[in-house]
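Under the working numbering, the first residue of the sequence shown carries the number 102, and numbering increases by one thereafter. For glycine and all other residues, C-beta sits at the position ideal for the given N, C-alpha and C. Input: a single structure, listed below in structure tokens.
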Amino acid sequence: MDATKLRRAIARTPLAPVAAFPVRLARVARHDAKVLRTSARWLVTSREHHNYTYELTKLSRHHLAWFVSVVCDVPVKQVRAYLNEIETDEELRRHIERATAAASRRGLADKHVRYARRIGWYATVRARKPAHVVETGVDKGLGSCVLAAALLRNAAEGHPGRLTSLDINPEAGYLARATPWADVVDLVIGDSVASIAALDRPVDLFLHDSDHSRVHEKSEFEAVEPKLAPGAMLLTDNVTVTNVLAEHAERTGRRFLAYRETPARHWYPGDGIGVAW
């Protein structure tokens, strides 16, 4: 009996789990060794302790382009052009590198600029041309810079817009305090739900990226609902943790779609983008 027939014969006997164990063990060991190598490299080379930054895998980037294409109803070729636009914006990249190096919190930030799923935020703003974007949760201001860069490009094409960035930390947003990006950003320090209630103009695009508890996320979407302009779009950065936006979309008669990113060469499993429109 040859080896193939022998394996098939054993697979039909009670010995099958025992015979398969070495193969299963080897596969798990290879997987765990890869994860450990990636984690060890990150521990040595990175300074970040939260809000991790990384590149997307090539496949994940392709999927993101199609995701934005569907939710914004624009050709995927145009979305790819938007993604390339932010990734090749050397002025923004140099600014972030310089601002990071000069910041008091530079010991907790990496020198390299990596946008991950935020390039999807950029492409969405470029495609939708919103007059007023509101984001909650600013931290260093990397996402704010990305959103502001999109608004500046829109303005150059005749579609001006502003970004209202909400955060409870008075030290937040240091990356977005320089011209020209700061020219389209209104940074508001305070509780996000109270700040949303105080907004004095309609919101065309809203992004939740603050306190990621289910209760707080739900409170933000409920607070912003009466502030929304007709046809407004809602985004959440919490889509891999809760179903809050999907439930809100169902209650309010919207469509919902989710994208989950895959980081390249990083131990973190990644976050995602949820969209209701």
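Open item on the list: So if DSSP puts T146 in a beta bridge, which residue, or which two residues, is it bridged to?
Closed with: In DSSP, T146 forms no bridge with anything.
TODO: Using only alpha-carbon positions, find the residue among A228, E198, V226 that is nearest to L243.
DONE: E198
Open item on the list: If I follow the unbroken alpha helix (DSSP H) through S161, where does it start and stop?
Closed with: 159-173
Open item on the list: Using a Cβ distance threshold of 8 Å, determine whether the segment 308-320 contacts the segment 282-291, with at least three qualifying pairs required.
Closed with: no
TODO: Specify whether the segment 369-378 and the segment 347-357 touch according to this definition: at least 3 beta carbon pairs, one from each stretch, less than 8 Å apart.
DONE: yes
Open item on the list: So for S320, helix, strand or coil by DSSP?
Closed with: helix
Open item on the list: Once DSSP output is grouped into helix, strand and coil, what is the label at Y360?
Closed with: strand
- [ ] Can you say whether T146 is buried or exposed, counting buried as having 16 or more other CB atoms within 10 angstroms of its CB?
- [x] exposed
- [ ] Give the straight-line distance between the Cα atoms of T225 and S205, rounded to the nearest whole angstrom.
- [x] 32 Å
- [ ] Confirm, please, whether the CB-CB distance from E321 to L293 is below 8 Å.
- [x] Sequence check: residue 293 is Ser here, not Leu. Yes. Within cutoff.
Open item on the list: Among T189, E186, D103, S266, whose alpha-carbon lies nearest the alpha-carbon of F307?
Closed with: S266
Task: 6 Å CB neighbourhood of V177 in its chain, flanking five on each side removed - done: A166, W167, S170
Task: Whether L264 touches V286 by CB criterion (8 Å) - done: yes
Task: Stretch-stretch touch, CB-based, cutoff 8 Å, three pairs: the segment 360-368 with the segment 144-164 - done: yes
Open item on the list: Measuring only the C-alpha atoms, how far is L137 from A130?
Closed with: 10 Å
Open item on the list: For A279, report the span of its beta strand (DSSP E) as first-last.
Closed with: Note, A279: premise wrong, no beta strand (DSSP E); not H, not E.
Task: Nearest-angstrom Cβ-Cβ length linking N255 and R215, presumed shorter than 8 Å - done: Not a contact, Cβ separation roughly 24 Å.
TODO: Taking R218 as part of the alpha helix (DSSP H), name the residues at either end of that continuous run.
DONE: Here R218 belongs to no alpha helix (DSSP H), and DSSP marks it neither H nor E.
Open item on the list: Given this structure, state the Cα-to-Cα distance separating V304 from S245, to the nearest angstrom.
Closed with: 16 Å
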